[in-house]
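Just below is one structure, and these are the notes that go with it.
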Amino acid sequence: MKSPNTLLAALLLLSASSAIAASSVDLSVHGLITPSACEPGLSNGGNVDLGKLSAKDLNVETTTNLQHHVLQLNVKCEAATLLALEPRDNRAGSGHDETAERFGLG
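Residue numbers for the sequence shown follow my numbering, so the first one is 10 and each next one is one higher.
Next comes the structure, spelled out in C-alpha cells:
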C-alpha cells in the first residue's frame, strides 16, 4: 500500500511543478512621481520700508543711494529637494541701468 501512495504523490508533484514552470505572468507598474512642493518666504513679508523720502533728496542726474536693507529668505519643502534660485525683476526696464544684479523700484 505504501508504494501506490508514494507513486501517486510523486506523479502529483511532477504534474504540479510542470504546470508552474509552464505558466508566466506579466507585471505592469504605472504611476507618477511628482516633485516635492516648496514654499518660499521673505522676512517682513518681503516689504522694505524706505521711510519718508523727499523729492529734493533724490538725485535727478545720477543714482541716489538708499539705505541698505537685508531680507531673510526661507524655503520650506515637503521633502529633501534640489533647489535653484533665479531672481527676476518684475518691473524690468524701470531701473537706471540694465544690469542683471540691479532691479528697479518702478
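Every residue gets a Cβ at the ideal spot worked out from N, C-alpha and C, and that includes glycine.
Considering only C-alpha positions, which residue in the set the options is nearest to residue i?
i      : options                         : result
Gly-55 : Gln-81, Ala-46, Gly-40, Ala-101 : Gln-81
Thr-43 : Val-69, Glu-87, Leu-20          : Glu-87
Ala-89 : Leu-20, Cys-47, Thr-15, Ser-33  : Cys-47
Have a look at the DSSP bridge pairing and note the partners of residue i.
i       : result
Glu-117 : The shown model of the chain, from 10 to 115, leaves out residue 117, and the question about it has no answer.
Which residues in the same chain as residue i place their Cβ atom closer than 8 angstroms to its Cβ, once the five residues preceding and following it in sequence are excluded?
i      : result
Gly-50 : Leu-82, Asn-83, Val-84, Lys-85
Nearer than 7 angstroms: is that true of the beta carbon of residue i relative to any heavy atom of the ligand GTP?
i      : result
Thr-73 : In the structure shown, the ligand GTP is absent, as is every other ligand, since no ligand is present at all.
What number of angstroms, rounded off, separates the C-alpha of residue i from the C-alpha of residue j?
i      : j      : result
Leu-92 : Leu-22 : 59 angstroms
Ignore the nearest five residues each way along the sequence and tell me which others in residue i's own chain have a CB closer than 7 angstroms to its CB.
i      : result
His-78 : Val-57
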